[in-house]
């Protein structure tokens, strides 16, 4: 350094410390995954509440401020079309959850798509970079709830008993069928129970397991006395569970 001091030209030197400037990368927001959340995702019942989670990441150093997460679909489900995100720090993840009410009509192929708009860098003030998403689609399959229907009791053997008239102590074969009128799958116990009422029907077992859509067979022996009307019934017992919403 040089200059004048007391009218004389003067120069001198001195050392300084090493200075540095950190250059940060701009805010870069990216959607990493999009998926439906429910008890049996992607399956739900009509009008069933569920949700959809979008996981995003800021891949830059700079904080991203004030942007929106958007959601659209190809079906009739009800949900907010956007959620405001106040900020996302650099190199951090954030999950945004959209509440959804499934469509009131069945839909085997409703596709959801998430996207991001807006956002500025907290230091630069520049628009945040929106990177291409890794996975911004999710499938939702909307079904009618499980509804079990039990057929009437049919006498299928012997041929002479098909008119519902049988002899005392006669062995007859009964058949019933359980059908799921809905689309949702069921789990849990699948039992039928034979109720003889006040009549002394002979039966080897009061309970049978059933398979949906297939006949369940009982062989019973008629009472030892003549009766004008010998009542009996068969019913679904246990608590089958609707796999989509957990109802019984």
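Residue numbers (my numbering): 95 to 342.
Glycine included, every Cβ here is placed at the ideal spot set by N, Cα and C.
For clarity, every value in this text was computed on a predicted model and none was experimentally measured.
Residues that residue i bridges to, as DSSP identifies them
| i | result |
| --- | --- |
| residue 273 | 243 |
| residue 212 | 161 |
| residue 287 | 301 and 329 |
| residue 204 | 234 |
| residue 151 | 124 and 187 |
| residue 199 | Residue 199 pairs with nothing; no bridge assigned. |
| residue 306 | Residue 306 pairs with nothing; no bridge assigned. |
| residue 339 | Paired residues: none, contrary to the question. |
| residue 281 | 335 |
Assigned secondary structure, residue i (DSSP; H/G/I helix, E/B strand, else coil)
| i | result |
| --- | --- |
| residue 193 | strand |
| residue 255 | helix |
| residue 312 | strand |
| residue 329 | strand |
| residue 140 | coil |
| residue 131 | strand |
| residue 324 | coil |
| residue 116 | coil |
| residue 225 | coil |
| residue 174 | coil |
| residue 249 | strand |
| residue 318 | coil |
| residue 145 | strand |
| residue 267 | strand |
| residue 296 | strand |
| residue 260 | coil |
| residue 166 | strand |
| residue 334 | coil |
Spatially closest choice to residue i from the options, by CA coordinates
| i | options | result |
| --- | --- | --- |
| residue 212 | 191, 226 and 222 | 222 |
| residue 325 | 298, 176, 289 and 308 | 289 |
| residue 130 | 321, 304 and 167 | 167 |
| residue 117 | 155, 315 and 265 | 155 |
| residue 225 | 259, 124 and 292 | 124 |
| residue 312 | 338, 247, 261 and 262 | 247 |
| residue 190 | 292, 258, 127 and 158 | 127 |
| residue 229 | 214, 306 and 207 | 207 |
| residue 262 | 276, 186, 292 and 296 | 296 |
| residue 258 | 176, 322 and 184 | 322 |
Chain B within 8 Å of residue i, Cβ atoms only
| i | result |
| --- | --- |
| residue 328 | Absent from the structure is chain B; it holds one protein chain and no more. |
Cβ neighbour criterion (16 or more within 10 Å) applied to residue i
| i | result |
| --- | --- |
| residue 334 | buried |
| residue 192 | buried |
| residue 320 | exposed |
| residue 236 | buried |
| residue 180 | exposed |
| residue 252 | exposed |
| residue 342 | exposed |
| residue 140 | buried |
| residue 243 | exposed |
| residue 178 | exposed |
| residue 196 | buried |
| residue 199 | exposed |
| residue 146 | buried |
Close-in-space but distant-in-sequence residues of the same chain around residue i (CB under 6 Å, 5 per side omitted)
| i | result |
| --- | --- |
| residue 245 | 270 and 271 |
| residue 250 | 267 and 269 |
| residue 304 | 272, 284, 286 and 310 |
7 Å CB neighbourhood of residue i in its chain, flanking five on each side removed
| i | result |
| --- | --- |
| residue 218 | 120 and 156 |
| residue 282 | 332, 333, 334 and 335 |
| residue 171 | 194, 195, 196, 197, 204 and 234 |
| residue 306 | 272, 273 and 274 |
| residue 314 | 266, 268, 295, 296 and 297 |
Residue i CB to nearest heavy atom of the ligand MN below 7 Å
| i | result |
| --- | --- |
| residue 235 | Within the structure as shown, the ligand MN is missing, as the structure has no ligands at all. |
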